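Novice:
2 protein chains.
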Amino acid sequence: MKRWVIGADLGGTLIRAMRTDLDGRMLARAEVHTQAQQGPEAILGRIFEVIGQASEGTDPGEVLGIAIGAPGPVDEQGRLFDPPNLPGLREVSLRERIRDRFQVPTFAGNDGNLGALGQLRFGAGQGVKHLIYMTIGTGIGGGIISNGELLIGARGFAAEIGHQTLVQDGPICGCGQPGHLEALASGPSIARRARERLAAGASSTIGQYREGGNDVTGKSVTDAARHGDKLALELLREAATYIGLGLVNLIHILEPQRILLGGGVSQAGELLFETVRQTVHDRVMSPVYKGVEIQPAALGADVGLMGAVALVLEQSSSA
Amino acid sequence: MKRWVIGADLGGTLIRAMRTDLDGRMLARAEVHTQAQQGPEAILGRIFEVIGQASEGTDPGEVLGIAIGAPGPVDEQGRLFDPPNLPGLREVSLRERIRDRFQVPTFAGNDGNLGALGQLRFGAGQGVKHLIYMTIGTGIGGGIISNGELLIGARGFAAEIGHQTLVQDGPICGCGQPGHLEALASGPSIARRARERLAAGASSTIGQYREGGNDVTGKSVTDAARHGDKLALELLREAATYIGLGLVNLIHILEPQRILLGGGVSQAGELLFETVRQTVHDRVMSPVYKGVEIQPAALGADVGLMGAVALVLEQSSSA
Chain A
1 MKRWVIGADL GGTLIRAMRT DLDGRMLARA EVHTQAQQGP EAILGRIFEV
51 IGQASEGTDP GEVLGIAIGA PGPVDEQGRL FDPPNLPGLR EVSLRERIRD
101 RFQVPTFAGN DGNLGALGQL RFGAGQGVKH LIYMTIGTGI GGGIISNGEL
151 LIGARGFAAE IGHQTLVQDG PICGCGQPGH LEALASGPSI ARRARERLAA
201 GASSTIGQYR EGGNDVTGKS VTDAARHGDK LALELLREAA TYIGLGLVNL
251 IHILEPQRIL LGGGVSQAGE LLFETVRQTV HDRVMSPVYK GVEIQPAALG
301 ADVGLMGAVA LVLEQSSSA
Chain B
1001 MKRWVIGADL GGTLIRAMRT DLDGRMLARA EVHTQAQQGP EAILGRIFEV
1051 IGQASEGTDP GEVLGIAIGA PGPVDEQGRL FDPPNLPGLR EVSLRERIRD
1101 RFQVPTFAGN DGNLGALGQL RFGAGQGVKH LIYMTIGTGI GGGIISNGEL
1151 LIGARGFAAE IGHQTLVQDG PICGCGQPGH LEALASGPSI ARRARERLAA
1201 GASSTIGQYR EGGNDVTGKS VTDAARHGDK LALELLREAA TYIGLGLVNL
1251 IHILEPQRIL LGGGVSQAGE LLFETVRQTV HDRVMSPVYK GVEIQPAALG
1301 ADVGLMGAVA LVLEQSSSA
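If you read the protein sequences in the order shown, they are chains A and B.
Quick note: the first sequence uses the numbering used here, first residue 1, plus one each step.
Quick note: the second sequence uses the numbering used here, first residue 1001, plus one each step.
1. Mind the definition here: the segment 1154–1172 of chain B touches the segment 1207–1214 of chain B only if three or more C-beta pairs lie below 8 Å; say whether that holds.
2. Going by C-alpha distance, which of Arg3/A, Gly24/A, Gly12/A and Lys2/A is nearest leucine 305/A?
3. Glutamine 119/A CB to nearest chain B CB: under 8 Å?
4. State the Cα-Cα distance for the pair glutamine 1315/B and isoleucine 132/A, rounded to the nearest angstrom.
5. Identify the contact partners of alanine 158/A in chain B, using a Cβ-Cβ distance below 7 Å as the criterion.
6. Using 10 angstroms around the beta-carbon of glycine 139/A, count the other beta-carbons present and answer buried if the total reaches 16, otherwise exposed.
7. Would you mind telling me which residues of chain B sit closer than 7 Å to valine 74/A, beta carbon to beta carbon, in chain order?
8. Check whether chain A comes within 8 Å of glutamine 1164/B, counting only Cβ atoms and requiring the distance to be less than that.
9. Nearest-angstrom Cα distance between proline 1178/B and isoleucine 1172/B?
10. Looking only at its own chain, which residues have a Cβ that is under 6 Å from the Cβ of serine 946/B, when we skip the five neighbours before and after it?
11. What first and last residue would you give for the alpha helix (DSSP H) that runs through glycine 187/A?
12. Determine the burial state of proline 1287/B: buried for a count of at least 16 other Cβ atoms within 10 Å of its Cβ, exposed for fewer.
13. If you reduce the DSSP assignment to three classes, tell me which class threonine 275/A lands in.
14. Could you say which of Thr1205/B, Val1104/B and Gln1267/B lies nearest to lysine 1219/B if we only look at CA atoms?
15. Less than 8 Å between the beta carbons of arginine 19/A and alanine 8/A, yes or no?
16. Excluding the five sequence neighbours on either side, which residues of its own chain have a C-beta within less than 8 Å of the C-beta of arginine 1237/B, listed in chain order?
17. Of all the CB atoms in chain B, is at least one closer than 8 Å to the CB of asparagine 249/A?
18. If we count the other Cβ atoms within 10 Å of its Cβ and call it buried at 16 or more, is threonine 217/A buried or exposed?
19. Of the residues that make up the segment 108–137 of chain A, which ones have a beta carbon closer than 8 Å to any beta carbon in chain B?
20. Taking only beta-carbon atoms, is alanine 240/A less than 8 Å away from chain B?
21. Is there a Cβ from chain B that is less than 8 Å from the Cβ of serine 286/A?
22. What residue range is occupied by the uninterrupted alpha helix (DSSP H) comprising aspartate 100/A?
23. Taking the alpha helix (DSSP H) that serine 1220/B belongs to, which residues open and close that run?
24. Is DSSP giving proline 1256/B helix, strand or coil here?
25. Going by the CB atoms, is the gap between threonine 106/A and isoleucine 66/A shorter than 8 Å?
26. What do you get for glutamate 31/A, buried or exposed, if any count of 16 or more other CB atoms within 10 angstroms of its CB means buried?
27. Chain A beta carbons: is any one of them nearer than 8 Å to that of glycine 1272/B?
28. Just confirm the distance between the C-beta atoms of isoleucine 253/A and alanine 1159/B, as a whole number of angstroms; I'd bet it's less than 8 Å.
29. In this structure, what does DSSP give as the bridge partners for serine 146/A?
30. Which full runs of the alpha helix (DSSP H) of 4+ residues lie inside the segment 1010–1075 of chain B, going along the chain?
31. To test your reading of the DSSP string, which unbroken beta strand (DSSP E) runs of 3 or more residues are found completely within the segment 262–311 of chain A?
32. If you compare alpha carbons, which of Met26/A, Gly174/A and Ile15/A is closest to alanine 36/A?
33. Please compile the residues from chain B whose C-beta is within a distance smaller than 8 Å of the C-beta of alanine 154/A.
34. Here's the rule I'm using: 16 or more other beta-carbon atoms within 10 Å means buried, otherwise exposed. How should arginine 1079/B be labelled?
35. CA-CA distance, threonine 279/A and valine 63/A?
36. Could you pull the DSSP bridge partners for phenylalanine 1107/B from this structure?
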């Protein structure tokens, strides 16, 4: 009998789903705009729609399971807590609703955690039992693999690794607290620093790398840095130093073998990684921690979908 | 047949051992001064001596196992890396040497990790699957229980939870890095801040609580705070705020159900715990994290020994 797995990803902008075989080979995919402002039932309808499209032509008995990832704290029932861009989903169990609709085993998790599972099974973390995946984009999140298993904490809310205080009374984070890594090194934070410096009269070409008529973004800074802009290089080094310090904390707490960096800011490549690695090398408390590998994550924009597929496979094999 | 367990603890000042039954009831104990300056073989001789004393009158076949805890990074073979007060032990496998001498299954671990295991099995963490144990004394260390199991990382070096950067360019930590929690809230750090403030002319009774002819210590500050000294209270609040911020990081990363604080500084009791709890309440990124319990650790000075006993029992049951 043919067996398929469905992975889905609920984001603030897009809802996506993918069907793969048991080896994670993609066979079908679908996506739709979230239109979160239309409320939870409309969002659920669209989740059903993309899952339906991705599973088209299959028999329900052939689907091993469905998993869905979502941002922010998500419990094992797939209830979203504090979803900043997805209001109204707090009381909804995504897991229950999807299971009721499609009548197959269903799972849910935080998108950062699923990203780590995706790296472990299909990406740049294969064979690594102690792994940290950090995604640096609009926010900073991730997932932790400890001894080969996802570390989710008491209710699934662990691994909020972007929310470490690094600067007392530093800039306010999206979560409302001061000085978190996310507020110092995410794309919007880098862009904010660039705008501050430009407003203060710094000489730089960053403004030339704005897209359309838009304001300066993290990508403008990265693009300018690639062309040798000094301010842009300085701002990336600053962000990379904070990322390195955050990783040092995680290394001391978790002692991983490998750390994978993904997300838009990681696209800066060696401009970022060099300073991250140097900071880790310089700031770990003992030489025993210097061997940790710091590498680019794999799977690109599909990391959440592949992570959801990995969750189904993991849960099905352990059942 | 009677079965016994031997727990041992190698410290910079004392080497201790304890024999218990399989329920952790203490039946014999022994201790000796470490005299670390005499070198590794002399230390090993004294470890054998206290283990021998604690097992006196038992038959080798009756001993289920021996475990030993030691400070700093310790690998599973019981090799000490960077032991600041125990030079020369780096190349020695405590585990192998003790096993060869006593011919029973032997285990080794970091004393903070064993402390967490001790709390889980015999102390204030019984029945808690997601637990953090933090000891705040001369240094700040601890252990992490995730999903009922000790989180030790790739080689046993995880859970160095006192070595998080909280203040960029802050005071230098014992490990050589700036601004770590340990450099902001350990007993010696609190004493250093007190001496700085007194030298700068602050009005305080802290000096009256020195012991013997000694300099001001963390305990002097705690004692003065208990008697209402304003500077002492302020210094404790400052340390407790840093401890709270460090715990917030750990809560976001690990999502424990309970956190246990032990060690000399924790003896300040509510003078410390009140501010720690308030800081955690105020500084977690989401209300979902506010329920974590923050309580005093149990087992007092025997935490390391009871943790070693717990390690033997855990390893023996999983074998």
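A virtual CB, placed ideally from N, CA and C, is assigned to each residue, including glycine.
The structure displayed is predicted, hence computed values, not measured ones.
Specialist: With the given structure in hand:
1. no
2. Gly24/A
3. no
4. 27 Å
5. Ile1253, Leu1254 and Glu1255
6. buried
7. None at all; the shortest Cβ gap to chain B is about 10 Å.
8. yes
9. 4 Å
10. The requested residue 946/B does not occur in the structure, where chain B is confined to residues 1001 to 1319.
11. 187–199
12. exposed
13. helix
14. Gln1267/B
15. no
16. Thr1275
17. yes
18. buried
19. Lys129 and His130
20. no
21. yes
22. 94–102
23. 1218–1226
24. coil
25. yes
26. buried
27. Before going further, note that residue 1272/B is leucine rather than glycine in the sequence given. No, no contact with chain A.
28. 7 Å
29. Glu149/A
30. 1040–1054
31. 293–296
32. Ile15/A
33. Lys1129, His1130, Glu1255, Pro1256 and Gln1257
34. buried
35. 46 Å
36. Ala1067/B
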